[in-house]
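S.K.: Submitted below is the structure of interest, expressed as structure tokens.
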Amino acid sequence: MIRLLLVQPTRMTCELFAAVLREEPDLQVVDFAHSVNEMVDKLRRHKCDVVLIDFSLPDKGMLSCMHHIHQNEDDVKVIITGMVKSNNVVLHCVEEGIAGYVYHEESLGDLVKKIRAVYDDEFMLCPQVAATLMARVAELKQMT
Numbered sequence: 010m011i012r013l014l015l016v017q018p019t020r021m022t023c024e025l026f027a028a029v030l031r032e033e034p035d036l037q038v039v040d041f042a043h044s045v046n047e048m049v050d051k052l053r054r055h056k057c058d059v060v061l062i063d064f065s066l067p068d069k070g071m072l073s074c075m076h077h078i079h080q081n082e083d084d085v086k087v088i089i090t091g092m093v094k095s096n097n098v099v100l101h102c103v104e105e106g107i108a109g110y111v112y113h114e115e116s117l118g119d120l121v122k123k124i125r126a127v128y129d130d131e132f133m134l135c136p137q138v139a140a141t142l143m144a145r146v147a148e149l150k151q152m153t
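Every number in the numbering used here is 9 more than the matching position in the sequence shown, counting from 1.
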């Protein structure tokens, strides 16, 4: 069973995601959060495998959530939902430790596939982001 925490700006978004995800026999939505502090509290109370964080959380919430998880929750993976189509933004999020992302244009079926992939330690990249990531790796190699 893949245990999920949803960190989304509105209750309605959480409930819509949860309604879809609960239809999947291997997915369990353990709770919702709408802010960084609420997420930290929910992570203390629940064992989670994957946290779905909305890109548009106010007050740099997405970055704060990612930093907290990266520093304090070794076994928890992050998927950013509602990601903007910008290779540089995706690259920055990858550098910050995300395990996956879902664009606004993608389907709920795509989200489910990516949750399973991330849980299985796989990372699904579109070709453009893969090219940007490879260029960044080459750039870092030249710096050493």
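Even glycine gets a Cβ: it sits at the ideal position worked out from N, Cα and C.
Considering Cα atoms alone, identify which of A28, H113, G106 is closest to M75.
M.R.: G106
S.K.: Give me the Cα-Cα distance between D119 and D84, rounded to the nearest whole angstrom.
M.R.: 23 Å
S.K.: V39 to M133, Cα distance in whole Å?
M.R.: 24 Å
S.K.: Pull the bridge partners of V87 from the DSSP assignment, please.
M.R.: V60
S.K.: Taking all protein chains shown into account, do 16 or more other C-beta atoms lie within 10 angstroms of the C-beta of M10, making it buried, or fewer, making it exposed?
M.R.: exposed
S.K.: Which partner residues does D40 have in the DSSP bridge list?
M.R.: L14
S.K.: If you draw a straight line from the alpha carbon of V99 to that of K51, how long is it in whole angstroms?
M.R.: 26 Å
S.K.: Terminal residues of the continuous beta strand (DSSP E) containing L118?
M.R.: Note on residue identity: the sequence assigns Gly, not Leu, to residue 118. G118: not part of any beta strand (DSSP E); member of the alpha helix (DSSP H) spanning 117-128, first to last residue.
S.K.: Measuring alpha carbon to alpha carbon, tell me which residue in E148, K123, Q17 is nearest V45.
M.R.: Q17
S.K.: How long is the line joining the alpha carbons of E32 and A126, rounded to whole angstroms?
M.R.: 18 Å
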